[in-house]
Amino acid sequence: QITTVSGNEFLLQSDIDFLILDWFHAIKNAIDRLPKERICTSRNLEFKLRRSSSIELLNSLDTESKEPKPEHRKSLIFRLNYSASDTNDRNRVKSRLKKFISRRPSLKTLQEKGLIKDQIFGSHLHLVCEHEKSTVPQFVRLCITAVERRGLDVDGIYRVSGNLATIQKLRFVVNQEEKLNLDDSQWEDIHVVTGALKMFFRELPEPLFPYCFFEQFVEAIKIQDNATRIKSIRSLVEKLPRPNYDTMKILFEHLKKIAAKESVNLMSTQSLGIVFGPTLLRPEKETGNMAVHMLYQNQIVELMLSEYSKIFGSEED
Numbered sequence: 001q002i003t004t005v006s007g008n009e010f011l012l013q014s015d016i017d018f019l020i021l022d023w024f025h026a027i028k029n030a031i032d033r034l035p036k037e038r039i040c041t042s043r044n045l046e047f048k049l050r051r052s053s054s055i056e057l058l059n060s061l062d063t064e065s066k067e068p069k070p071e072h073r074k075s076l077i078f079r080l081n082y083s084a085s086d087t088n089d090r091n092r093v094k095s096r097l098k099k100f101i102s103r104r105p106s107l108k109t110l111q112e113k114g115l116i117k118d119q120i121f122g123s124h125l126h127l128v129c130e131h132e133k134s135t136v137p138q139f140v141r142l143c144i145t146a147v148e149r150r151g152l153d154v155d156g157i158y159r160v161s162g163n164l165a166t167i168q169k170l171r172f173v174v175n176q177e178e179k180l181n182l183d184d185s186q187w188e189d190i191h192v193v194t195g196a197l198k199m200f201f202r203e204l205p206e207p208l209f210p211y212c213f214f215e216q217f218v219e220a221i222k223i224q225d226n227a228t229r230i231k232s233i234r235s236l237v238e239k240l241p242r243p244n245y246d247t248m249k250i251l252f253e254h255l256k257k258i259a260a261k262e263s264v265n266l267m268s269t270q271s272l273g274i275v276f277g278p279t280l281l282r283p284e285k286e287t288g289n290m291a292v293h294m295l296y297q298n299q300i301v302e303l304m305l306s307e308y309s310k311i312f313g314s315e316e317d
């Protein structure tokens with residue numbers, strides 16, 4: 001899945017490993033050929049918007065306004081010649097804004113007063129579970145129930161993307177803690193539900209497979225002997241924090257049901273591995289081994305689906 005700077009999302013998928021690598025290298029080469037100045041500008045802008053406080057952004061207005069602007073932009077945006085008094089008025093307003101922003105209550109205070117709700121999307125898994133007093137987020141359970149009720153036979157379930165605007169609307173409803181009914185007609189497209197579920201896992205600050213376990217899972221999937229490989233994966237899964245283990249177990253049990261309907265929905269364990277591999281586990285810092293990591297990510301998910309009972313079942317099983 002590729003997300004562009006402009007916010008467009010593209011999903012490229014294939015079951016053929018060498019074709020995936022060809023796509024990866026083609027995209028990487030295209031990015032490398034982009035003008036460096038343009039890339040830096042975009043990244044600097046993104047960094048500024050994410051990291052700067054409101055007061056810092058206000059202070060930066062002075063320096064930015066001194067930068068020369070094209071004449072046509074001046075004519076379109078500023079048609080008035082400001083007098084000295086106009087400038088003073090602007091400075092007075094800016095000063096009042098700074099005072100207002102500096103006196104605003106903290107995020108914690110707003111949350112305590114109930115003015116700002118704890119977010120579901122973008123929050124750490126354990127915090128969502130603590131807030132709900134559970135070990136599996138309610139939203140995950142609702143999505144799985146909806147998909148199993150009306151999506152198991154849908155061609156390309158989880159592979160086909162839903163309408164992004166509707167997915168974002170669903171995300172907003174969930175974050176506002178509004179009562180969610182996935183049987184409502186506005187969520188009738190099951191691809192919207194699956195898209196929102198994938199987005200939930202994608203936006204976790206730390207993935208379902210925690211960063212500190214990533215290299216261990218990669219090393220485990222490299223083991224040649226199948227029995228030893230499964231035993232090693234099982235051992236790692238059992239060491240996961242309880243919310244991660246319980247959420248992973250219910251999710252993989254659900255995906256196993258999807259794969260069982262492969263003859264109808266055309267979603268094999270390999271296809272589900274391709275879709276969920278990079279979503280559920282990724283390294284904390286990307287390196288030059290991105291393409292190799294992607295193959296291991298897919299293989300780990302595929303193995304855990306194929307050997308679900310041996311990995312999540314009891315020792316007697």
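According to UniProt numbering, the stretch in the sequence shown is residues 1 to 317, in order. By construction, the Cβ of each residue, glycine as well, lies at the ideal position given by its N, Cα and C atoms.
{"query": "Inter-residue Cα distance where the pair is THR166 and TRP187", "result": "8 Å"}
{"query": "Selection from HIS191, GLN216, SER232 and GLU177 that minimises the alpha carbon distance to GLU148", "result": "HIS191"}
{"query": "Rounded separation between ILE2 and PHE312 - CA only", "result": "32 Å"}
{"query": "Residues that PHE10 bridges to, as DSSP identifies them", "result": "ILE2"}
{"query": "Selected residue, minimal CA-CA separation from GLY151, among GLN168, HIS254, ILE223 and HIS25", "result": "HIS254"}
{"query": "Sequence-distant residues of its chain with Cβ nearer than 6 Å to ASN298 (five each side left out)", "result": "GLY273, ILE274 and GLY277"}
{"query": "Coarse secondary structure for LEU180, derived from DSSP in three states", "result": "coil"}
{"query": "7 Å Cβ shell around ARG159 - same chain, five flanking residues per side excluded", "result": "GLN13, MET267, SER271 and VAL275"}
{"query": "Rounded separation between LEU21 and ALA291 - CA only", "result": "7 Å"}
{"query": "N-terminal and C-terminal residue of the alpha helix (DSSP H) that ILE300 is part of", "result": "290 to 306"}
{"query": "Which listed residue (ALA196, PHE217, ASP153 and VAL301) has its alpha carbon closest to that of PHE172", "result": "ALA196"}
{"query": "C-alpha gap between ASP153 and ASN226, whole angstroms", "result": "31 Å"}
{"query": "Alpha-carbon to alpha-carbon, LYS98 and LEU236", "result": "51 Å"}
{"query": "Beta-carbon separation (whole angstroms), LEU280 vs PHE209, contact threshold 8 Å", "result": "6 Å"}
{"query": "Supposed contact pair LEU182 and ALA146 - C-beta distance, whole angstroms, cut 8 Å", "result": "4 Å"}
{"query": "heavy atom of the ligand PLP below 8 Å from LEU125 C-beta", "result": "This structure lacks the ligand PLP; in fact it carries no ligand of any kind."}
{"query": "Residue of ILE300, VAL174 and LYS285 minimising C-alpha distance to ILE230", "result": "ILE300"}
{"query": "LYS222 versus ARG33, THR135 and HIS293, residue with shortest Cα-Cα distance", "result": "HIS293"}
{"query": "ASP155 in three-state terms, based on DSSP", "result": "coil"}
{"query": "Status (buried if at least 16 other CB within 10 Å, exposed otherwise) for ILE27", "result": "exposed"}
{"query": "C-alpha distance - SER309 paired with ARG33, whole-angstrom precision", "result": "47 Å"}
{"query": "CB-CB length for PRO243 against LEU125, believed under 8 Å", "result": "5 Å"}
{"query": "DSSP state of SER235 mapped onto helix, strand, coil", "result": "helix"}
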